[in-house]
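Q:
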Amino acid sequence: MDVQKRLETVVKTIDKLVSLKEVYLFGSYAYGSPNEHSDFDLYIVVDKINGRKHDVLVKLYSAIRGISIW
445 MDVQKRLETV
455 VKTIDKLVSL
465 KEVYLFGSYA
475 YGSPNEHSDF
485 DLYIVVDKIN
495 GRKHDVLVKL
505 YSAIRGISIW
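Numbered per this note's numbering, the sequence shown spans residues 445 to 514.
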C-alpha cells in the first residue's frame, strides 16, 4: 500500500471514532523527507469529544496502532 493510501486509512479510522473537522500533516512526510524511522505526524481538530478525553485518546491509539505506515 502506498503512503497516500496508508494516510487515508489512518484518517478514516480516526474519523470513525471522532467527528473530524480538520486534519493537518506535519513533519517529515509533509516536507517530503521521510526516512525508514518516520511516522505520520497529524494534528487533528474536532468539534466535540463525547466522553472523557483520556478514554477517547485510548480508543484512538488502539484503533490506529496496528496500521502499518511502512
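Idealized CB from N, CA, C, for every residue including glycine.
Because the structure is a prediction, the values reported are computed rather than measured.
1. Have a look at V502 and R496 and give me their C-alpha separation to the nearest angstrom.
2. Please state whether the Cβ-Cβ distance between L486 and V500 is less than 7 angstroms.
3. Hey, T488 and L464 are a contact pair by Cβ (cut 8 angstroms); roughly how many whole angstroms apart?
4. According to DSSP, is S466 part of a helix, a strand, or is it coil?
5. Checking the sheet assignment: what are the DSSP bridge partners for Y487?
A: Taking the geometry as given:
1. The residue given as residue 502 occupies position 58 in the sequence shown. The residue given as residue 496 occupies position 52 in the sequence shown. C-alpha separation (whole angstroms): 10 angstroms.
2. To locate residue 486, count along the sequence shown from 1; it is residue 42. To locate residue 500, count along the sequence shown from 1; it is residue 56. Not a contact, by the Cβ cut-off of 7 angstroms.
3. Position 44 of the sequence shown, counted from the first residue, corresponds to residue 488. Position 20 of the sequence shown, counted from the first residue, corresponds to residue 464. According to the sequence provided, residue 488 is Ile. The question's Thr does not apply to it. Indeed they touch by this definition, with Cβ atoms about 6 angstroms apart.
4. On the sequence shown, residue 466 is found 22 positions in, with the first residue counted as 1. First, the amino acid is wrong: residue 466 is Glu here, not Ser. Looking at E466 - three-state DSSP - the assignment turns out to be strand.
5. As a first step, residue 487 is located in the sequence shown; it is residue number 43 there, counting from the start. Y487 pairs with Y468.
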